[in-house]
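**Q**
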Amino acid sequence: MTSASPWIPVALSADIEAGTSAGTLVNGEERVVWRDDKGTIHVWEDRCPHRGMRMSFGFVRGDHIACLYHGWRYDTGGQCRYIPAHPDLEVPQTIKVPTFAATERAGIVWMAAEGADAAELSALPETAEPVRSLFLDMTTEAAISAVASTLPESYSVSATSAATVTLQGYGTTVLIAVQPRDADRTALHMTVTGDILTATRRSLALWATDLRNRVESQMMEAA
Ligand code: FES
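Each residue of the sequence shown is one higher than the last, beginning at 251 in our numbering.
(1) Check the C-beta distance from residue 386 over to residue 283 and give it rounded, since I have them as a contact under 8 Å.
(2) Residue 408 to residue 391, Cα distance in whole Å?
(3) Between residue 332 and the rest of its own chain, which residues show a CB-CB distance below 6 Å, the 5 nearest in sequence each way excluded?
(4) Quick one: grab the DSSP three-state call for residue 459.
(5) What is the rounded straight-line gap between the Cα of residue 368 and the Cα of residue 429?
(6) Anyone know if the C-beta pair for residue 384 and residue 427 falls short of 8 Å?
(7) By DSSP, does residue 291 sit in helix, in strand, or in coil?
(8) Taking only the alpha-carbon atoms, compute the straight-line gap between residue 439 and residue 375 and give it to the nearest angstrom.
(9) Between the beta-carbon of residue 415 and the beta-carbon of residue 446, is there less than 8 Å?
(10) Grab me the residues of residue 313's own chain with a C-beta within less than 7 Å of its C-beta, minus the 5 sequence neighbours each way, in chain order.
(11) Between which two residues does the beta strand (DSSP E) carrying residue 335 extend?
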């Protein structure tokens, strides 16, 4: 993957189970990540076209998501198909939630503008085990340098791009995907592939927690 990749990580795949949704921020914009009952992942603008309720507060029902407020139902293409207050109405095509391209790779959900080519992520492993997501009150650049300056023991950085940092150690590869939530907040989604023992994954999760604690205490000292 090159630094010009249009794909942005938005969640760990394991955190979005079938039939659930979650809201997130991407470059300051609200997005909903949801998975239908067939297991397909979707990323949309997190706003109902009716009165602006967050779609992430809604309910996934099969291959539809229903808005919490007045129950308008949207299909997997974002098209509104049913309005409970007008059950016989053929819903106009114009009532549609803006959608994004969404795919999964290396245990992470990625989004891009519609039409983006998922092959851009083909250098990443197809699947991976989740470690955890970290939410940091810092820029993406600061988050990447915090990772690089406190690597887990016996790991080294093997590659860095605008959206990922890759670490190698103990026969495993750790992918850290960097989500710009807004100008000052970043999420790091971590997964691991290779010779994974439970203990290794647990120690990586502990390292991630320790990283967050260290970053927070540094920020408090600086304040
Ligand atoms: S705001 Fe979503 S259905 Fe009314």
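Ideal Cβ positions, reconstructed from N, Cα and C, are used throughout, including at glycine.
**A** Quick answer:
(1) Here residue 386 refers to the residue found at position 136 of the sequence shown. Here residue 283 refers to the residue found at position 33 of the sequence shown. Contact doesn't hold; Cβ gap of about 19 Å is too wide.
(2) By one-based count along the sequence shown, residue 408 stands at place 158. By one-based count along the sequence shown, residue 391 stands at place 141. Near 17 Å, if we compare the C-alpha coordinates of residue 391 and residue 408.
(3) Your numbering for residue 332 matches position 82 in the sequence shown. Contacts found: 323.
(4) Along the sequence shown, read from residue 1 onward, the residue named residue 459 stands at position 209. Here residue 459 sits in helix by DSSP.
(5) Here residue 368 corresponds to residue number 118 of the sequence shown, with the count starting at 1. Here residue 429 corresponds to residue number 179 of the sequence shown, with the count starting at 1. Roughly 17 Å separates the two Cα atoms.
(6) Taking the sequence shown and counting its residues from 1, one reaches residue 384 at position 134. Taking the sequence shown and counting its residues from 1, one reaches residue 427 at position 177. Result no, Cβ atoms of residue 384 and residue 427 do not sit closer than 8 Å.
(7) Locating residue 291 in the sequence shown gives position 41, counting from the first residue. Correct three-state label for residue 291: strand.
(8) For the purposes of this step, residue 439 is identified with residue 189 of the sequence shown, where counting begins at 1. For the purposes of this step, residue 375 is identified with residue 125 of the sequence shown, where counting begins at 1. Going by the C-alpha atoms only, they are around 15 Å apart.
(9) What you label residue 415 is simply residue 165 of the sequence shown in a count that begins at 1. What you label residue 446 is simply residue 196 of the sequence shown in a count that begins at 1. Going by C-beta atoms, residue 415 is not nearer than 8 Å to residue 446.
(10) Against the sequence shown, residue 313 aligns to sequence position 63. For residue 313, where only same-chain residues beyond five positions count, the Cβ hits under 7 Å are 286, 287, 288, 325 and 326.
(11) As a position in the sequence shown, residue 335 is number 85, starting the count at 1. First-last for residue 335: undefined, no H or E at that position.
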